[in-house]
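Be aware that the sequence shown starts at 9, since it is given in the working numbering, and climbs by one per residue.
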Amino acid sequence: ERELKLMGPINPLALEEFDSLEERRSFLQEQLDDIRATRKELRKVIRSVDEEIVSVFAAAFAEVSMHFTELFDQLFPGGQGRLRLINPDNLLETGLDIEARPSGKNVKKLSLLSGGERSLTALAFLFAVFRSRPSPFYVMDEVEAALDDVNLHRFLGLVDRFRDDAQLLIVSHQKRTMEAADCLYGVSMAPGGSSKVVSERIAASRVLNRTGALATG
Numbered sequence: 009e010r011e012l013k014l015m016g017p018i019n020p021l022a023l024e025e026f027d028s029l030e031e032r033r034s035f036l037q038e039q040l041d042d043i044r045a046t047r048k049e050l051r052k053v054i055r056s057v058d059e060e061i062v063s064v065f066a067a068a069f070a071e072v073s074m075h076f077t078e079l080f081d082q083l084f085p086g087g088q089g090r091l092r093l094i095n096p097d098n099l100l101e102t103g104l105d106i107e108a109r110p111s112g113k114n115v116k117k118l119s120l121l122s123g124g125e126r127s128l129t130a131l132a133f134l135f136a137v138f139r140s141r142p143s144p145f146y147v148m149d150e151v152e153a154a155l156d157d158v159n160l161h162r163f164l165g166l167v168d169r170f171r172d173d174a175q176l177l178i179v180s181h182q183k184r185t186m187e188a189a190d191c192l193y194g195v196s197m198a199p200g201g202s203s204k205v206v207s208e209r210i211a212a213s214r215v216l217n218r219t220g221a222l223a224t225g
């Protein structure tokens, strides 16, 4: 009896509170088990997606890399260009380096090339992607603006190799690029501030020879 008195007053609602807390504990345990099961499934999905990403990326990189090497050799005869993975052991986070060495130059870094050479190298990469993932048409905005006559000639030869399989829409201020087109669209400012679109189909007598040289009849 003395020990009971030392325990103090008894909570008559203790059993009800216990049942309520036990119910709450059971609910939270179910939620926790559900979260753990969901996390386990999500990890499986993430692993599966990562494996698919690695597989697709590896195949795409191999294809683009092959085409880049071929196109670089065409744009820079005697030169060497290749794509290199910065971290080939981790394809999910790796970066990409473009190594370019035009003929007669002992450099690989793009920063050491001239503006025209960098532009042409970038175009080689762009067209390598085009060739790996073909599309019905491509849109380019003044991509040849920094090219001199020699490099522009090479660029137009590259365009000619793609024109049979796709339409190329090129925004340009270069006269030679316009001359190589099948159809021209121009935008001029009409009186009153409104713009006017004009179009002209280039004469059929214009042909591009096998070396990419432009001839007009």
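All residues carry an ideal CB built from backbone N, CA and C; glycine is no exception.
For residue 161 and residue 54, the gap between their C-alpha atoms comes out near 48 Å. Residue 73 has its alpha-carbon roughly 21 Å from the corresponding atom of residue 114.
Residue pairing of residue 37 in beta bridges, as defined by DSSP: absent, with no partner found. Taken through DSSP and simplified to helix, strand or coil, residue 204 comes out as strand.
Closest option to residue 128, judged by alpha-carbon separation, among 184, 206, 197 and 151: 151. In the three-state reduction of the DSSP assignment, residue 106 falls in the strand class. Within its own chain, the residues whose Cβ lies closer than 8 Å to the Cβ of residue 142, once the five positions on either side in sequence are excluded, are 173 and 174, listed in chain order. Each residue's CA atom was taken as its position, placing residue 147 and residue 135 some 12 Å apart. Residues of the same chain with a CB within less than 8 Å of the CB of residue 62, apart from the 5 flanking positions on each side, are 99 and 100 in chain order. In the three-state reduction of the DSSP assignment, residue 127 falls in the helix class. The secondary-structure analysis by DSSP pairs residue 182 with nothing; it has no beta-bridge partner. For residue 157, no beta strand (DSSP E) encloses it; the enclosing alpha helix (DSSP H) starts and ends at 157-170. Rounded to whole angstroms, residue 183 and residue 77 show a C-alpha spacing of 29 Å. Counting every other CB atom within 10 Å of its CB across the protein chains shown gives residue 131 a total of 16 or more, marking it as buried.
Burial is judged here by how many other beta carbons sit within 10 angstroms of a residue's own beta carbon; residue 165 has at least 16 and is buried.
Ranked by Cα distance from residue 179, the options 149, 190 and 187 are led by 149.
In its chain, beyond the 5 residues on either side, 195 have a beta carbon closer than 6 Å to the beta carbon of residue 205. Rounded to whole angstroms, the separation of the alpha carbons of residue 71 and residue 65 is 10 Å.
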